[in-house]
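Here the structure comes first, spelled out in structure tokens, and everything after it is commentary.
In the numbering used here, the protein residues as written are -3 to 868.
Encoded structure:
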């Protein structure tokens, strides 16, 4: 058990200085769930770990097993009460943002039990709400102490006396010349901020903005209760005003409005209905404070072409109507609505725009651009590139892997290690391994992942010399890699950079093969494959090119044997393994934006969205590239966000290849560098300079390809300060399982994707020339808006039901009725047959009432025949 614990400590790279704290400890067991996504480590130690050692251990454990949900539980032989207090304080600090009240509970007595002293029942109830979480946390560390929350009556009495003393010492004078009171007395000064209110206090005054009002009128008493939602834009809380007389009630209804600042004075008390501290109001005064209104002051405004409202599930947090009104208020002439996977915001947007445009001429009307963002899927499965008809098991394969300075083959990144093997009939017959000097310092993250250091590369050959020898070594043999797209992008870039011709070898991707061959499994990483196919593999050696190549080669052979058992024997059969009806589950996926140009485009958009949410639904709505292409009349196809094909492929493609990709799109988007800032944390880009060069490359090649390049916000919230609401959404579990893309991979600060003004957007692109920034921010976004017509999303019928019109429907129905009647009763029909049928179908009296109605209306014609038509 001690040996197992030491192996674990070594695997997570625990510093040697910390090993003494785990001395004589044991790793008792590891428990995983059925899905193999969560693991619990149970460890026994002699003594409790110091907090900083515990924090380091947990952090390293989670980093090592970042693809799993891992946790540790300790059993302790000895517990030091001083260290227990450290853990208590650690819990307070970790949770004080979510529970600010915890800051007031730092005084704690730890002996046999943990005694928490509070000053009143409200504090006691508040602490009890997090008591269970604290107990669970302490138990996981091995601390099994009871937690007792007691009211300190002596301290409670002292606080009351102090409050009363302060209350009596304050004199509030009324400023008679300025009648600003609405309720109560004049509030001379403000004593509190909302974020500093944690407990019950008797005299609290503050200035705050009302963003919501609820009114409750009791049927049991004369009391009426105003509940105000108030904020100072640092924190928020509820404030309640109890009103008894009708005149005060009417005054408050008329004078207190949402969207304005007021001064409030009253006392705070724990409210059993809202389960939190609430301000009970005695006095309300009007405040002269105004919200700092954001204005777009540019002479010519830009147009926002990429937005997500609340109808983008678990992503957008802005109301569609507010968004449209903000664009209109700023003087923008249009705005695009491009929610994920659907068109649910269209009715609200349409009605809002109709209201804004009432009485205006067409040239002055504000324009809504309707669209959506979908997941685009390539129609083809690239298990094998450049297929041939050779026998799978007869081939000698070159299985290779590159370690690189980063992920951007089309940028500044280069290969730092080549590892490869030749395998035939399950036996490795030759190997190739070489370290390469990139002539620059390695990024810290690459050193951490690969264990390759700058010192190891001193004196090694350059990339050009090494790659020439490698090409000579593999010749024209078929090649294999795990996630071959990445490795091939670097190899092809070497061919391009060093003028070595064209890479023409057949390539098999074990990642894509696994997704199809083992589609019942969730994970297809190399670490998952070696376990699945029982290939010996050490995670400590993982991410070294030669070791990964050997592991991939042995997995490949077992996969080929499995294919043989399924009667798949030739290379050219691999891409045919996926049924055309299932291809949307396996193709490469990218985000794409689709905008409606006219009525034809609106109809096509509805078709595309319907297909994406039905026929091609797999985990998320998807659309095949060929289906999108066949329905693109009346539409503008844009590249989308950082998940787009253009943005992704620009990292690995040369200019010619990227131009070919861009040719599919009508326009290409780039967002401000801040919107991509999380990609610096995930090390998709090693520096902001590299990110800016990437954006410049996309702009340059889009213009050279004759396409329109535009700057968009990829908007998800209205104002910068609203980012906090999106952070809450991002950190929730996505419906159906999984996490939001911004809640993964060490991202500590999500980007602000607010509605940017024209000047703000120009400033974001100040790394370009002024002319180029203006072109993509203003000129081109307006150009796209001008290509779009004003579209009637909801057809106006003037109140007339929009029933379908079927050509010759009256004649057709009449003919059907008489034909059917003749088949029953013969031709000519018997006298009074209509009455017999009516009575049989509808009961007595119906036929006579129809005849009477026709007679009253002076119907001229055969009443018998007309009655029959009406009945049938």
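For every residue, glycine included, the Cβ atom is placed at its ideal position computed from N, Cα and C.
Alpha carbon to alpha carbon, what distance is there between residue j and residue i?
i	j	result
residue 876	residue 541	The structure shown does not extend to residue 876, since the chain is modelled only from -3 through 868, so no value can be given for it.
residue 572	residue 32	31 angstroms
residue 642	residue 659	10 angstroms
residue 690	residue 774	21 angstroms
residue 393	residue 503	9 angstroms
residue 166	residue 275	Low confidence applies here, because residue 166 scores a pLDDT of 45, under 50, leaving its location unreliable; read the following figure in that light. For residue 166 and residue 275, the distance between alpha carbons rounds to 20 angstroms.
residue 483	residue 353	55 angstroms
residue 598	residue 581	26 angstroms
residue 910	residue 72	Any property of residue 910 remains undetermined from this structure, which presents the chain solely from -3 to 868.
residue 680	residue 640	14 angstroms
residue 9	residue 54	12 angstroms
residue 316	residue 727	22 angstroms
residue 120	residue 214	30 angstroms
residue 180	residue 587	57 angstroms
residue 506	residue 577	22 angstroms
residue 171	residue 182	Unreliable placement is indicated for residue 171, whose pLDDT of 41 sits below 50; the coordinate value is still reported in the next sentence. Whole-angstrom Cα-Cα distance: 7 angstroms.
residue 333	residue 341	8 angstroms
residue 114	residue 58	36 angstroms
Taking the alpha carbon of residue i as the point to measure from, which residue in the options has its own alpha carbon closest?
i	options	result
residue 469	425, 593, 775, 448	425
residue 86	278, 221, 48	48
residue 648	29, 487, 300, 62	487
residue 27	370, 62, 69, 560	69
residue 201	596, 277, 586, 740	277
residue 142	121, 148, 117, 106	106
residue 381	417, 348, 452, 477	477
residue 734	650, 615, 770	615
residue 25	637, 518, 0, 794	0
residue 307	369, 591, 538	369
residue 770	441, 782, 757	757
residue 64	242, 521, 419	521
residue 133	192, 50, 23	50
residue 437	807, 824, 682	682
residue 870	56, 44, 674	Past the boundaries of the shown model lies residue 870; the chain is included only from -3 to 868, so the question cannot be answered.
residue 109	145, 137, 124, 123	145
residue 706	737, 721, 717, 661	661
residue 560	40, 822, 387	387
Below 7 angstroms CB to CB, which residues in the same chain sit around residue i once its five sequence neighbours on both sides are set aside?
i	result
residue 870	Because the chain here runs from -3 to 868, residue 870 falls outside it and cannot be looked at.
residue 650	406, 489, 492
residue 781	299, 329, 330, 363, 365
residue 15	5
residue 7	60, 535, 536
Looking at residue i: is its Cβ nearer than 7 angstroms to the Cβ of residue j?
i	j	result
residue 432	residue 464	no
residue 664	residue 339	no
residue 319	residue 777	no
residue 254	residue 209	yes
residue 676	residue 763	no
residue 547	residue 526	yes
residue 335	residue 371	no
residue 583	residue 429	no
residue 608	residue 621	no
residue 704	residue 570	no
residue 412	residue 427	no
residue 712	residue 749	yes
residue 434	residue 410	yes
residue 264	residue 196	yes
Once you ignore the five residues that flank residue i on each side, which residues in its own chain have a CB closer than 6 angstroms to its CB?
i	result
residue 173	Any reading at residue 173 is ruled out, since the residue's pLDDT is 38, under 50, leaving its predicted position unreliable.
residue 543	537
residue 225	207, 208
residue 753	292
residue 80	106, 139
Tell me which same chain residues have a C-beta within less than 8 angstroms of the C-beta of residue i, skipping the five on either side of it?
i	result
residue 701	655, 658, 659
residue 36	26, 27, 28, 66, 67, 68, 69
residue 13	none
Contiguous alpha helix (DSSP H) assignments of at least 4 residues, all confined to the region 521 to 595: 522 to 528, 541 to 561
At 4 residues or longer, what runs of the alpha helix (DSSP H) sit wholly inside the region 662 to 732? 674 to 677, 684 to 700, 719 to 726
Contained beta strand (DSSP E) runs [length at least 3] in the region 57 to 96, N- to C-terminal order: 65 to 74
Jot down the residue ranges of each uninterrupted alpha helix (DSSP H) in the region 274 to 318, minimum 4 residues, whole runs only, in chain order. none
For the region 101 to 139, which segments carrying the beta strand (DSSP E) assignment without a break, of at least 3 residues, lie completely within its bounds, in sequence order? 104 to 106, 110 to 114
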